[in-house]
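Some notes on the structure that comes next.
Numbering (the working numbering), first residue to last: 4 to 1017.
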C-alpha cells in the first residue's frame, strides 16, 4: 500500500520544483546559447589557412580555378563556380542588410518617439521585456513537449529522434506597424500588423554602436539528433541536424470577434496578406549550410511556401475559438447510467456496438447475433455538457444517437434509431438514469460512490532498483482503478504476471499490454459490474524527475473497495520495465487532498498526487413516500406547433415534479397534428414542455416553456384565438380551454417556437374495479419490495410484448407510474448478468388496489403494492407495427389539367404504381395496397408525376413523411405535396387502415402487394 510522506519527514525536505529536473533543463538551455556572429564573416579553415586568415570559400575557389586552368578544362566550368560564389555572398549580404535594418529601425524609432505619444513602440517595449523573462521558459517547455512528441512518433527506421539544443534567441519579435479599420460590424476588430523576427547577423561592434548595449546576445539554435541503429540496444550512429538564425518578416491580419460574455472575445482569426519572408541556416552534421546551395535552398523554401499558402495566406486562415476553449473546461454535472436493452433489426446480423459521447469512444459491448435480441448491458458516463450526444456505433457503419439534454430531463424509455447509408436499419431501446453530483463537505465521505478527478503532478528523484542514481529514464505512468482483488500483481523481476490476475479481470482484454507500454491502450473497455478505469499518460523523455501534470477523471462505484494503482514504466527499451508503483485505497483520500507518496519497488522516488471529489448517490433505499398523491389529470390535445426550424418530425416532452410523459413523435407541415397526452398532477404541481426536432441522423433541442407553474392558475384567457384557427371553435373546445405556450432555447432568449394546446381536466378517483368503458385511462402506481429472489435482478415493464420501461440497476424499489386503458402491464424480472437475457419470472400489474406478496415463478416471491386511480378520459391505441391498408383516394388542387400517375414507396422500395388519370385537376384513383410496417422507423413516399407517353414523366410534387401519424383503426388523412423545400397547395387524400397483423400472413398475398418494404 501507499506510504504517505508527511510534511515533517526529516529524511528528505519537500520542495515544489525538483532540482534535478530543473538543473537538467537549465543545462540543456545554456548549452543551446551561442553568441551571434556576423553574416559577412566567412569561416576560415583550420591550419595554415587560419594563420593566413584566408576564408574557406576563397581558398576553394582559387584551388578549383587553378585545377581547371592547369588541366586545360573549358572555361564553361567556371560558370557554376562563379554563380555559387556570387549566390553565397548575395545571401550573406541580404542577411546582414536585413539584420542591420531591423536594429537601426528599432533604435532610431525609439529615439524619434522619445517624449512623444505613439502607437507601436510601447508594444515592442513590452514584448522585449516579456521576451527576456519568458523566452527561457518557453524554450524549456517546447523542448520538453517536442521531445515527447518525437519519442512517440519516431519512424521505425530510426532508433531515436530527439532535440538536444533549443533556444529561440535573445532578440524578441517586433511590430513595425499597425493599421486599423473602421466601418466594420460592431462586434469585429480588425487590424493589419507587420511582424519582424530577425536574428543578429551584423558585427558585434556595429551592434554595440547602434544599440548601446553590450549584454550577451544570441540567436535561435535548434539541434535535432537522429540516431540510426537497432532498438533495444546501445549501438547506433547519431546524425545531428542544426537549424539556426531563424528569420521571419510578414504582414498579417488579425480579426477579433467580441461578445458580451465575461471574457469579451469569442474568436481570433489570423492570416498573412502576402507570402512572408522566411530564412534560416540548415546544417546537416553541423557542416555545410544547405541554404547556400542554389537548387536545394529554392526547393526547401518552395515546400514551406506551398504549405503556408494552403493554410495561412489569405484567403486561408487559422481560427481560434476562445469561447469554446473556455466552455471546454466544464464542471462535473453528474453520472449517466445508460442501459442498452432490446435491439430490433431488419436483418439477421452479428455485431458488437461501441458507445461514445460527443465522438469520443469509451466502451464496447459483447458480441450478439440475430434480428432481435437484448444487450442487457449498462455503462456509466461522467456528464459535463448536456448538449453532447451519446451515440452507439455498429461494425457495419450504422450509428444512432440521442441528445443528452433529452435523456437528463427524466427517466423514460428511448428508442434510438440506428441509421446507415440506406436509411433506418434498426432500433435500440435504452433507458438513461441520471445521478446529479453532491458537493463535498470537508473530509467526510457523503456516499460510497464518487467522481474523482486525479492529477498526477510529478515524480521526484526516481531511481529503479539495481540502477545507477544518475540514470535518466524515458518514462510514462499508467493509472488503473478497480476493486482491490483485481489489482495487477508482479514478480521479483519487476514484470507483470498475467497468470495471477483473477478470472474477472480477464474480460479486460489488452489492458496488460497497455500497462506494459503496448499500443493497445486505445482499446475500448467492456461493460463491468464493478469499477474499472484505465489511463496512460504522455511519455517524458530523459528525466529522473518527470513532470507529467496529467489529469484524468473516473467514476468509482464503491469507494470502500476500489483501489488506485499507478505504475511508472520505462519506455526506453523493447519491453517496458516498471520503475516503481503505488497503490492508494480510494476510501483514504478526500476532496482537495494534495499529497506526496513513496513509490514501491523502487530504490528511491516519490510521486505527488492531487484529488478532487464530487459524490454520487447510487445507493438503493426504500422510499419514505409510498405513492404520489395525484389529484387531477389533464387531457392535452396538440393543435398546432409553429417553429422557426421549419417542417419535419418533432418530439414533445411534458415534465412534472414527479414524472415525465412523452408524446408520440409528430410531423409538422406535411400532415395534420393529432396528438393526445394525459398528464396526472399533484396539488401545487408544475408542467414544463420540452420540444426537440428529429433529423435523419440526430436530434436538436428547440426550446422549453411552462404550461403550468407552481402556485399558478391553469385557466387560460386566450379566448381571442377562437375563430382564428379552423380547429378551435366553441363546439370543438366544449368545457376545455386553450393555452398558447411560447418556447425558448435560453431563458433570456427570444421565442424559438410556440405550441397551441387544447386542455381539459378531470379529477382522479380511486379505482374500485368497475368502469363504464375499458378504454378509460387509469393511473397505475406500482412499487416492489422484499425481494425473495435467489439472484440479482432488474425489472422490465411490458405491454403487448412491447418494452415500455426498465428499472434502475441500483434501485428496484422506486415508484413506477403508468397510464393504461384496456392494455395489461406485465412486470418481467430478469437477471442482471452481463449480456444475458435470462427471465427469472414475471407477474401481472393489476388495475386495482393491492398490497401483498406475489409469486413470480415456482420459488421466488416479491412484495407488490399497487395504487390505481380512474379518469373519465379515454386512452388511445399505442399500436406501433402491424398491417397497413392504404387507399389513394384523390389529388386535389392541381394547377392545370394534367395526365397524372402516382408511385408509392416505403423506405425507397416501390410498392405500387397507379393507373393514369388523364386531363383532370382533381384526379380520383381509389387504388389500395397492403403492407406490413413499423410506424416508428418506416417512411412513406408518394411521387406525383405528369405522365407523358413519349417523353420522361415530369414530377409535379412529392410527399415524403415518417408514419408517426398512423393510429389503430380507419381514418382519412390529407398529405401536402412538396416541390423541393416548398410546400404546395396541392394535397393527396388517402385512407389508412392500421391494424394488428404479421409479416407471415402478408407474404402469402405477395401477388397483391407487389413488394414488401423489407
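Ideal Cβ placement from N, Cα and C applies to all residues, glycine included.
Quick one, which of the options has its alpha-carbon nearest residue i's?
| i | options | result |
| --- | --- | --- |
| residue 772 | 747, 699, 853 | 853 |
| residue 859 | 787, 838, 819, 880 | 787 |
| residue 255 | 282, 318, 801 | 318 |
| residue 765 | 810, 90, 633 | 633 |
| residue 648 | 704, 269, 658 | 704 |
| residue 767 | 573, 378, 876 | 876 |
| residue 804 | 847, 539, 913, 104 | 847 |
| residue 683 | 638, 670, 650, 655 | 638 |
| residue 798 | 321, 712, 865 | 865 |
| residue 245 | 207, 285, 219, 960 | 285 |
| residue 253 | 297, 230, 228, 200 | 200 |
| residue 882 | 996, 856, 912 | 996 |
| residue 795 | 782, 802, 778, 815 | 815 |
| residue 302 | 282, 320, 315, 473 | 282 |
| residue 913 | 932, 415, 420 | 932 |
| residue 955 | 904, 107, 183 | 904 |
| residue 229 | 153, 196, 298, 906 | 153 |
What do you get for residue i, buried or exposed, if any count of 16 or more other CB atoms within 10 angstroms of its CB means buried?
| i | result |
| --- | --- |
| residue 250 | buried |
| residue 599 | buried |
| residue 187 | exposed |
| residue 77 | exposed |
| residue 951 | exposed |
| residue 144 | exposed |
| residue 706 | buried |
| residue 614 | buried |
| residue 168 | buried |
| residue 723 | Only weak support exists for where residue 723 lies, its pLDDT of 45 falling under 50; the coordinates are left without a value. |
| residue 447 | exposed |
| residue 976 | buried |
State the Cα-Cα distance for the pair residue i and residue j, rounded to the nearest angstrom.
| i | j | result |
| --- | --- | --- |
| residue 171 | residue 223 | 4 angstroms |
| residue 385 | residue 393 | 11 angstroms |
| residue 279 | residue 652 | 52 angstroms |
| residue 831 | residue 843 | 8 angstroms |
| residue 807 | residue 800 | 6 angstroms |
| residue 267 | residue 629 | 51 angstroms |
| residue 360 | residue 406 | 10 angstroms |
| residue 487 | residue 442 | 26 angstroms |
| residue 988 | residue 944 | 18 angstroms |
| residue 390 | residue 717 | 31 angstroms |
| residue 946 | residue 835 | 49 angstroms |
| residue 381 | residue 770 | 37 angstroms |
| residue 351 | residue 345 | 14 angstroms |
| residue 935 | residue 887 | 6 angstroms |
| residue 410 | residue 458 | 30 angstroms |
| residue 641 | residue 825 | 23 angstroms |
| residue 295 | residue 95 | 9 angstroms |
| residue 181 | residue 220 | 27 angstroms |
| residue 23 | residue 149 | Residue confidence for residue 23 is low, a pLDDT of 41 falling below 50, so the modelled location carries little weight and cannot support an answer. |
| residue 258 | residue 698 | 34 angstroms |
| residue 163 | residue 87 | 35 angstroms |
Report yes if the CB atom of residue i is closer than 8 angstroms to the CB atom of residue j, and no otherwise.
| i | j | result |
| --- | --- | --- |
| residue 404 | residue 701 | yes |
| residue 757 | residue 743 | yes |
| residue 178 | residue 126 | yes |
| residue 467 | residue 605 | yes |
| residue 558 | residue 383 | yes |
| residue 817 | residue 823 | no |
| residue 270 | residue 323 | yes |
| residue 320 | residue 272 | yes |
| residue 967 | residue 427 | no |
With residue i and residue j assumed to form a contact (beta carbons below 8 angstroms), what rounded beta-carbon distance in angstroms separates them?
| i | j | result |
| --- | --- | --- |
| residue 792 | residue 619 | That belief does not hold up - the Cβ atoms of residue 792 and residue 619 are roughly 26 angstroms apart, past 8 angstroms. |
| residue 293 | residue 300 | 7 angstroms |
Could you tell me if the beta carbon of residue i falls within a distance shorter than 7 angstroms of some heavy atom in the ligand GTP?
| i | result |
| --- | --- |
| residue 871 | Ligands are entirely absent from the displayed structure, and the ligand GTP is therefore not among its contents. |
So, is the C-beta of residue i closer than 8 angstroms to a C-beta in chain C?
| i | result |
| --- | --- |
| residue 222 | No chain C is part of this structure, which consists of one protein chain only. |
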